[in-house]
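Quick notes on the structure that follows.
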Amino acid sequence: MKTEELKEIAEKLVAGEKNAALTGAGVSTESGIPDFRSHGGLWEKYDPMEYATIDAFRRDPEKVWVMIKDMNALLEDAEPNPAHTGLARLEELGVLAGIVTQNIDNLHQEGGSKNVIEFHGNGRRLVCLKCNAAQDAEKARANWDKEFPPRCPECGYILKPDVVFFGEPIPPQASARAMELAQGVSVLLVVGTSATVAPASYIPMVARKTGAAIVEINIENTVLSEGFADYTLLGKAGETLPILIEAVEAVLDKKGGLT
Ligand code: NAD
Ligand code: ZN
């Protein structure tokens, strides 16, 4: 990572009227939750196309719940890493207005971020597809010995995690808030996402169209790296963000605005 480049990005962040971040599974791999391309993890056992589609859930919820149970164990153990706490620090410093996350693991909130738009829902909630009743996943988990998969307390239908499965629409409110946040940002940080899952992948385009500098942080090049991102910082999110924050703090310090 070039110091000059980091300084430039830090200056843009501090000068920006509004900055935002789009995050994906890569911010949570360092917390032990595998992304879709991690080897030897959950997704080698369960093909997402076979298990994470709404058709699969409707056809055979018991089968899909075997995967959800394994995923739940991972989520339960996961703690926020320096990528999550780093993004929270940027918000605290007043240089990040909010995060649009594709993750369903709640780790941004646990890491201290306040304005988090959950584009794909949150695995801590369960919902009933029949009557819309909601339940805490933790409550259902405590009862798994007696009832698995968990059923709706109102109508008895099998509950579904309140996450967006492939083939389901984005919750309209999250979608509207995300588009509003992305419009007119000075800098969009795109962290740990392959930026290939639509419609979340449109967010960098919306930001770019309204003048944003796109700063990508990823362990490898993505579809954005060539000809779209203004900066590609190659490295782990949990290592790169703390370095970027140091650079931001140095700029703020110079301005006498460090809080
Ligand atoms: P993805 O699996 O398609 O891409 C993850 C990206 O993160 C890759 O580009 C990879 O190179 C990068 N990456 C991995 N480790 C990294 C690290 N330590 N630092 C920086 N970058 C790293 O994930 P996606 O783009 O989020 O899209 C897949 C879909 O899967 C999303 O819709 C998401 O909802 C869902 N998903 C969520 C979780 C979670 O909640 N933690 C986990 C797996 C999948
Ligand atoms: Zn119900």
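The sequence shown begins at 79 in the numbering used here and counts up one residue at a time.
Think of the CB as a built atom: it goes at the ideal place given N, C-alpha and C, for glycine as much as any other residue.
Please read these numbers as outputs of a predicted model, since none were measured by experiment.
Counted as a single uninterrupted DSSP element, the alpha helix (DSSP H) harbouring residue 164 occupies residues 160-170. Within a 10 Å sphere around the beta-carbon of residue 250 sit fewer than 16 other beta-carbons, which makes this residue exposed. The segment 182-197 makes no contact with the segment 117-126: fewer than 3 CB pairs, one atom from each, lie closer than 8 Å.
The beta carbons of residue 311 and residue 79 sit about 6 Å from each other, so the pair counts as a contact at 8 Å. Bounds of any alpha helix (DSSP H) do not take in residue 156, whose DSSP letter is neither H nor E. Per DSSP, residue 229 lies in no beta strand (DSSP E) segment and is marked neither H nor E. Taken from the Cβ of residue 238, every heavy atom of the ligand NAD lies 6 Å or farther away. Separation of residue 224 and residue 218 (C-alpha to C-alpha, rounded to the nearest whole angstrom) is 10 Å.
Closer than 6 Å to some heavy atom of the ligand ZN: that describes the Cβ of residue 232. Considering only 138, 269, 212, 151, the residue with the shortest C-alpha distance to residue 110 is 151. As DSSP reads the structure, residue 212 sits in a beta bridge with 205.
Sequence-distant partners of residue 115 (beyond 5 residues in either direction) whose C-beta falls short of 6 Å from its own C-beta are missing from its chain. Residue 101 holds the alpha-carbon nearest to the alpha-carbon of residue 260 among 132, 101, 92, 163. In chain order, 239 place their CB closer than 7 Å to the CB of residue 146, counting only its own chain and leaving out the 5 sequence neighbours on each side. Residue state for residue 309 is assigned as strand, using DSSP reduced to three classes. Under the three-pair Cβ rule at 8 Å, the segment 264-271 does not count as touching the segment 196-206. With three or more CB-CB distances shorter than 8 Å, the segment 86-106 counts as touching the segment 168-188. Ranked by Cα distance from residue 136, the options 166, 200, 255, 235 are led by 235. For residue 150, the secondary structure class from DSSP, reduced to helix, strand or coil, is helix. CA-CA distance, residue 214 to residue 278, rounds to 26 Å.
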